[in-house]
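In the numbering used here, the protein residues as written are 7 to 220.
Read through the structure below, which is laid out as structure tokens, and then see the notes.
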Amino acid sequence: MKREEVLGRVKEAGVVAVVRGNSKEQGLKIVEAAVKGGIKVMELTMTVPNPVDFLKEVVEQYKDTDIIVGAGTVLDSETARACILAGAQFIVSPSLDVDTLKLCNRYKVCVMPGVMNVKDAITAMEYGVDVVKIFPANLYGPSVISSFKGPLPQGDFMPTGGVTVENLNEWFKAGAVVVGTGGSLTKGAATGNYDAVEKEARRFMDSYREAKGI
């Protein structure tokens, strides 16, 4: 799938599940629950034990479906390359690393770096980034999207961190094109309650459709 198509599918999906876990097995169960709940985009973080193996397994499991699988918490270009070779369809990082942007451009893979200020957002866009991640978004609140889009109306932003079912509508009203959610979505996994993860995924998708009027 080409970069542009992946980007379009991510935007269309609206909600990205940020998957963390104490083990590969827990991560797989979180992914399964999120998919059952209707979320179409999985961001598998590099904090899961044996993360590249975890990524490979999820990519293989969902290769013949409409699920988009990417890698998150990618801190450097070396990790980005390993993830791309393992099948990641997009790369997300918590901060701006120019070498990672160059690497992803070289492989024509969608990359979403995290920024906290307009200067970094401009740098990201100069390197061809299509969606800029605002992280940690909970430090600012939804109004930060409007603030970024003041000088950068052409920018597309994805808030991650502190996005909940309850405030999802506010983020989209402020101008977000997609949101990332982790702790709020997957908190049930801590006690082995994956039905709760599935239920929360459904709530997220219902809230997204309501926010977008679809």
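Where is the CB? At the ideal position from N, CA and C, for every residue including glycine.
What you are looking at is a predicted structure, and each value in this text was computed from that prediction instead of being measured.
Please work out which residues of its chain come closer than 8 Å, Cβ to Cβ, to N175, disregarding the five sequence neighbours upstream and downstream, and give them in chain order.
To locate residue 175, count along the sequence shown from 1; it is residue 169. The residues are S213, E216, A217.
Among W177, G181, D136, nearest to V169 - alpha-carbon criterion:
Taking the first residue of the sequence shown as 1, we reach residue 169 at position 163. Comparing Cα positions, the closest option is W177.
Between E11 and I97, what straight-line distance do the alpha-carbon atoms span, to the nearest angstrom?
Start at 1 with the first residue of the sequence shown, and residue 11 comes out as number 5. Start at 1 with the first residue of the sequence shown, and residue 97 comes out as number 91. Rounded to whole angstroms, E11 to I97 spans 15 Å at the Cα level.
Quick one: grab the DSSP three-state call for N114.
The sequence position of residue 114 within the sequence shown is 108, counting from 1. The sequence shown places Lys at residue 114, not Asn. DSSP places K114 in coil when its eight states are reduced to three.
Sequence-distant residues of the same chain with beta carbon closer than 7 Å to G257, five excluded per side:
Lying outside 7 to 220, the shown extent of the chain, residue 257 is not represented and no answer is given.
Where does I220 land, buried or exposed, given buried means 16+ other C-beta within 10 angstroms?
Within the sequence shown, residue 220 is the residue found at index 214, counting from 1. Under this definition I220 is an exposed residue.
Please name the residue or residues paired with I97 in a DSSP beta bridge.
By one-based count along the sequence shown, residue 97 stands at place 91. Paired residue(s): A77, V117.
For the alpha helix (DSSP H) containing L191, list its first residue and its last residue.
On the sequence shown, position 185 is the one that residue 191 refers to. According to the DSSP assignment, L191 belongs to the alpha helix (DSSP H) that extends over 189-192.
Using a Cβ distance threshold of 8 Å, determine whether the stretch 43-57 contacts the stretch 128-136, with at least three qualifying pairs required.
no
Whole-angstrom distance between A86 and K171, CA atom to CA atom
Against the sequence shown, residue 171 aligns to sequence position 165. Against the sequence shown, residue 86 aligns to sequence position 80. The identity of residue 171 in the sequence shown is Val, whereas the question assumes Lys. Taking the straight line joining both Cα atoms gives about 30 Å.
Let me check understanding here. Comparing Cα to Cα, which of V24, C116, E38 lies closest to P3?
Because the chain here runs from 7 to 220, residue 3 falls outside it and cannot be looked at.
Return the chain-ordered list of same chain residues with a C-beta closer than 7 Å to the C-beta of D72, the five sequence neighbours on each side being excluded.
As a working note, residue 72 is residue 66 in the sequence shown. Only K46 meet the Cβ criterion.
Between the Cα of T197 and the Cα atoms of V64, G27, V65, which residue gives the shortest distance?
Your numbering for residue 197 matches position 191 in the sequence shown. Checking every option, the nearest Cα to that of T197 belongs to G27.
When DSSP labels each residue in this structure, what does E84 get in the three-state scheme?
Locating residue 84 in the sequence shown gives position 78, where the first residue counts as 1. Three-state DSSP puts E84 in a helix.
Residues in the same chain with beta-carbon distance under 7 Å from V41, minus the five sequence neighbours each way, listed in chain order, please.
One-based indexing of the sequence shown puts residue 41 at position 35. If we look at V41 and ignore the five residues flanking it on each side, its Cβ neighbours are I73.
Say yes only if the C-beta of M131 is nearer than 7 Å to one or more non-hydrogen atoms of the ligand MN, and no if none qualify.
The ligand MN is not part of this structure, which contains no ligands at all.
Taking its Cβ as the centre, do 16 or more other Cβ atoms sit within 10 Å of G156, making it buried, or is it exposed?
In the sequence shown, counting from the first residue as 1, residue 156 sits at position 150. A residue is called buried once 16 or more other Cβ atoms fall within 10 Å of its Cβ, and G156, having fewer, is exposed.
Which of the three DSSP states is assigned to F163 in this structure?
Against the sequence shown, residue 163 aligns to sequence position 157. In this structure, F163 counts as strand in the three-state DSSP scheme.
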